[in-house]
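J.:
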Ligand SMILES: [Zn+2]
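In my numbering, the protein residues as written are 33 to 515.
#1: Please classify residue 101: is it buried, with 16 or more other beta-carbons within 10 angstroms of its beta-carbon, or exposed?
#2: Distance, Cα to Cα, residue 457 vs residue 430?
#3: Do the stretch 279–290 and the stretch 101–114 touch if we need at least three Cβ pairs shorter than 8 Å?
#4: Does the beta-carbon of residue 274, which I'm using as the reference point, lie nearer than 8 Å to any heavy atom of ligand 1?
#5: Which partner residues does residue 482 have in the DSSP bridge list?
#6: Less than 7 Å between C-beta atoms, sequence neighbours within five positions excluded: which residues of the same chain meet that for residue 232?
#7: Can you pull the DSSP bridge partners for residue 221?
#8: For ligand 1, is there any heavy atom lying closer than 8 Å to the beta carbon of residue 266?
#9: Which residues does DSSP list as the beta-bridge partners of residue 41?
#10: Would you mind working out which of 485, 496, 478 sits nearest residue 467, comparing C-alpha positions?
#11: Could you tell me which uninterrupted beta strand (DSSP E) segments, each at least 3 residues in length, are contained entirely in the stretch 244–272, listed from first to last along the chain?
#12: At which residue ranges does the stretch 50–116 contain complete alpha helix (DSSP H) runs of 4 or more residues, listed in the order of the chain?
#13: Is the stretch 118–132 in contact with the stretch 254–261, if contact means three or more CB pairs nearer than 8 Å?
#14: Thinking C-beta only, is residue 452 closer than 9 Å to residue 322?
#15: Name all residues in chain order for which at least one heavy atom of ligand 1 lies closer than 5 Å to the residue's CB.
#16: Under 9 Å, do residue 267 and residue 41 count as touching if we go by C-beta distance?
#17: Taking 8 Å as the threshold, find out whether the stretch 394–409 comes into contact with the stretch 341–353 through three or more Cβ pairs.
#18: Got a sec, what are the start and stop residues for the beta strand (DSSP E) residue 132 sits in?
#19: Please identify the residue among 186, 84, 155, 187 whose C-alpha is closest to the C-alpha of residue 142.
#20: Is the distance from the Cβ of residue 298 to the Cβ of residue 75 below 9 Å?
Structural data, given as structure tokens:
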């Protein structure tokens with residue numbers, strides 16, 4: 033066990049707190065997974081990447097994480113796709129579950145131990161509804177198709193504790209459906225009577241299908257009846273989904289559903305959230321073709337998981353450049369590193385190496401950790417000592433283990449980055465080499481303090497649509513959109 037405690041930000045208590053599992057080393061984690069009705073966009077990849085970072089950090093700190101990430105395989109959207117394509121809801125769910133798994137593999141997400149499906153947890157859901165009804169927390173509503181079951185929010189005194197909302201404010205704010213069938217506008221569906229032709233399951237109150245919020249409570253109950261150490265998901269799920277999970281599980285069992293609630297920030301285009309209705313989606317498989325899965329991984333890891341992340345072409349290219357830089361460092365390290373324990377490491381390098389781990393233990397700050405990795409590389413380039421590169425080689429294996437980065441052979445990874453970039457810009461290899469040569473010449477001129485001539489090169493390149501990006505680790509280039 034590490035000497036430094038792991039701290040995590042808990043959304044319920046709204047502060048960063050030292051994490052300790054409830055029992056021994058075992059850490060039970062549940063993350064809300066996808067509704068499998070279509071291809072995922074890059075925003076959908078953030079929760080599993082953060083979950084993966086959390087599990088790797090826990091393992092590195094000596095804990096034994098047990099992870100469940102679910103599939104919502106019955107839902108209005110799945111039924112709509114099935115009806116449109118003239119196939120069954122099962123077929124739609126199976127197809128997109130398979131695609132999702134393939135994409136998680138490409139992202140190097142460590143396989144969760146549990147991947148429950150809503151349709152395989154129906155009996156647990158029925159039991160929960162019956163239990164809630166006995167406690168006065170659930171009630172039936174007759175509809176023209178059969179019987180719906182609703183959660184009676186007014187009977188659960190803690191409702192709103194996660195989202196810090198009061199039931200009366202919710203009504204005043206008009207943020208919830210006003211449905212005449214319900215006793216109270218904030219009540220939510222636990223079970224819906226199915227319409228003709230829809231998938232349905234038999235229950236004591238008639239045939240129907242589950243409400244989305246109930247699935248997660250039932251899956252958690254099935255896999256981790258002892259409760260959760262950590263529940264996580266995107267911040268967009270905090271209300272009403274997670275609030276409703278709390279109401280269902282805690283209403284029934286009268287004990288906390290989770291010790292820690294972790295929420296990741298969303299991926300945004302400018303200020304707008306990425307969504308199908310806004311038409312600003314970048315599908316994961318398109319991103320993988322244009323940039324590669326590792327670029328998406330580093331894009332997410334170079335920002336703090338709780339911050340919103342701007343999904344701009346510029347940020348994609350910066351992430352790609354960072355990955356490229358790290359692979360160049362790996363190439364150098366593998367060539368020149370000599371393990372010579374007799375030689376003392378400069379304290380600066382020693383400290384940076386330790387700080388990488390400390391950053392992760394401080395609320396999974398992978399952004400800071402990557403900053404230290406790059407600073408350590410700069411020390412190695414400056415000192416040019418093989419023993420220092422040997423220290424950086426240790427950082428590489430730390431990155432493999434904790435961040436799931438830099439696992440490829442550098443020459444292969446760099447060739448792929450180069451090929452994808454050319455493909456994106458519709459350029460030939462010759463064009464790209466010529467730009468690289470001009471930038472080298474600019475670097476030489478700038479080193480000689482001939483800034484005017486250096487600027488002229490930049491201007492010439494810009495007139496051709498090339499964007500020159502100077503950063504602390506050198507110069508990268510990109511192309512203007514539409515050029
Ligand atoms: Zn959930």
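Idealized CB from N, CA, C, for every residue including glycine. Just so we're clear, the structure is a prediction, and the values are computed from it rather than from any experiment.
T.: Reading off the structure:
#1: To locate residue 101, count along the chain shown from 1; it is residue 69. Result: buried.
#2: Position 425 of the chain shown, counted from the start, is the residue given in the question as residue 457. Position 398 of the chain shown, counted from the start, is the residue given in the question as residue 430. Roughly 34 Å separates the two Cα atoms.
#3: no
#4: Numbered from its first residue, the chain shown carries residue 274 at position 242. At least one heavy atom of ligand 1 is nearer than 8 Å to the Cβ of residue 274, so yes.
#5: For this step, residue 482 is matched to residue 450 along the chain shown. According to DSSP, which records beta bridges pairwise, residue 482 is partnered with nothing at all.
#6: As a position in the chain shown, residue 232 is number 200, starting the count at 1. Closer than 7 Å at Cβ, skipping near neighbours: 226, 239, 240, 241.
#7: Numbered from its first residue, the chain shown carries residue 221 at position 189. Its beta-bridge partners are 182.
#8: To locate residue 266, count along the chain shown from 1; it is residue 234. Every heavy atom of ligand 1 is 8 Å or more from the Cβ of residue 266, so no.
#9: Your numbering for residue 41 matches position 9 in the chain shown. BP columns for residue 41 point to 48.
#10: The sequence position of residue 467 within the chain shown is 435, counting from 1. It is 496.
#11: 260–266
#12: 78–92
#13: no
#14: Position 290 of the chain shown, counted from the start, is the residue given in the question as residue 322. Position 420 of the chain shown, counted from the start, is the residue given in the question as residue 452. Going by C-beta atoms, residue 322 is nearer than 9 Å to residue 452.
#15: 64, 248
#16: Within the chain shown, numbered from 1, the residue matching residue 267 stands at position 235. Within the chain shown, numbered from 1, the residue matching residue 41 stands at position 9. Contact flag unset, no.
#17: no
#18: Counted from its first residue, the chain shown places residue 132 at position 100. Careful: residue 132 lies outside any beta strand (DSSP E), inside the alpha helix (DSSP H) at 121–138.
#19: Working through the chain shown from its first residue, we reach residue 142 at position 110. Of the listed residues, the one whose Cα sits closest to residue 142 is 84.
#20: As a first step, residue 298 is located in the chain shown; it is residue number 266 there, counting from the start. As a first step, residue 75 is located in the chain shown; it is residue number 43 there, counting from the start. Yes, these two residues count as a Cβ contact at 9 Å.
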